[in-house]
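Add 233 to a position in the sequence shown, counting from 1, and you land on the number used in the numbering used here. For each residue, glycine too, the CB sits at the ideal point set by N, CA and C.
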Amino acid sequence: MSRVWNFSAGPAALPQAVLERAQRELLDWNGSGASVMEQSHRGKRFIAMAAQAEADLRGLLAIPETYAVLFLQGGATQHFAQIPMNLAGTGDSADYVVSGHWSAKAAGEAAPYVRVNVAASSAADDYLQLPPREQWQLDPRAAYVHYTPNETIHGVEFHDVPEVGEVPLVADMSSNILSGPLDVGRFGLIYAGAQKNIGPSGLVVMIVRRDLLQRATRPMARIFSYAAQAAADSMLNTPNTWGWYLAGLTFQWLKEQGGLERIAAANRAKAGLLYEAIDGSGGFYRNPVAPPSRSRMNVPFTLHDGALDAAFLQESEAAGLLALKGHKALGGMRASLYNAVPLEAVQALVAFMRDFAARHG
Ligand code: PMP
């Protein structure tokens, strides 16, 4: 069996070098004679590994000391609810920018815990372009502003951090964290489900300004409290030890690649190649997103004749190109080009697309 080129939206491709290292270390991790999954999170070895993973992430993103880094569970979806529990008091409102499926979901899940103000929405444009910043109706008294820098399904991405004044900016970076350098100081809170650019599902990485941890006023179980998790080094209960370990290996791999500037350049080259092939196909393939709003991570596209979809999927899979089927909300195809997807994968995809168009055009 050989490995395929994997364009899955998530859980997504992991760097092959990370998987190989995990495989080598599986039965005997760190000279312990047992796997990392079989050991106490309170043991010296695990605590050292966890601290190293955090240090490597801090190095990659230049995270200031005024921010806590948390390794949590529950998926990004659980934090759609936990963020308002922790950052908003009773009666507070929060601004939500709705630019696609996931930001709409974040706003909906927050509603039991905070008065949700939809400050901007591109729903009326079918999410084909980002809501222009000058049209956002922000409330200076809002507890925070929430947005989704990259919409995994609709394939739109903010290429700059929006200016929102003094109100803390909260970002769901599940599908573009670590895809390039970031000015963490512009944010109040960043969170990401791990299963795209970091590691396996079941782990959420959060970067939160420490002063915001003091905000929670409503009664809640300690397990929901970010302040309590920060005080316990994310080990209030048993963490996802395997996920944390793999995340640490991915952070080391990113460092070995030369850091996030290099990763960003590779991501630009990959996305550029695919968009060029789509736009240059004479209408055989089409990506409907306004070019300035296009995502580097998730590229949805349709074929000019939907009757060819089944053949495209069958033949692409036979050619070793996995998981190109689009999300059911949009239909068509989607190629996800996360950090672990190499340029060769995109070259193989583009060559297949040209050949398919020549045969079916
Ligand atoms: N936000 C974004 C941007 C996503 O892409 C996803 C998952 N695809 C989620 C949130 C939900 O993540 P989870 O399944 O970890 O709850």
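Check: residue i C-beta below 7 angstroms from any heavy atom of ligand 3
i	result
A504	Ligand 3 is absent from the structure shown, which contains only ligand 1.
Bridge partner(s) assigned by DSSP for residue i
i	result
H379	Y329, V403
A301	V441
T535	R519
G613	Because the chain in this structure spans residues 234 to 594, residue 613 falls outside the shown range and cannot be described.
S569	N531
N239	L555
V349	A327
G426	V437
E390	N383
Closer than 7 angstroms: residue i CB and nearest ligand 1 heavy atom
i	result
G553	no
D444	no
D466	no
D359	no
A245	no
G308	yes
W262	no
W623	The requested residue 623 does not occur in the structure, where the chain is confined to residues 234 to 594.
S355	no
G432	no
G413	no
G426	yes
T299	no
T381	yes
T385	yes
S569	no
S225	As shown, the chain starts at 234 and ends at 594. That puts residue 225 outside it, with no answer to give.
S526	no
S408	yes
D512	no
D405	yes
Counted within 10 angstroms of its Cβ, other Cβ atoms place residue i as buried (16 or more) or exposed
i	result
T385	buried
K558	buried
G333	buried
D289	buried
D405	buried
S526	buried
Q672	A query on residue 672 cannot be resolved here, the shown segment of the chain reaching from 234 to 594 and no further.
G476	buried
E367	exposed
G492	exposed
R374	exposed
H392	exposed
K488	exposed
I456	exposed
L339	It is worth fixing the name first, because residue 339 is Ala in this sequence and not Leu. Per the 10 Å Cβ criterion, buried.
E342	buried
R529	buried
Q285	exposed
E390	buried
G264	exposed
G398	exposed
S355	buried
Original post:
Which full runs of the beta strand (DSSP E) of 3+ residues lie inside the region 430-502, going along the chain?
Top reply: 437-442
**OP:** Counting only runs of 4+ residues fully inside the region 351-380, write out the alpha helix (DSSP H) ranges in chain order.
**Re:** none
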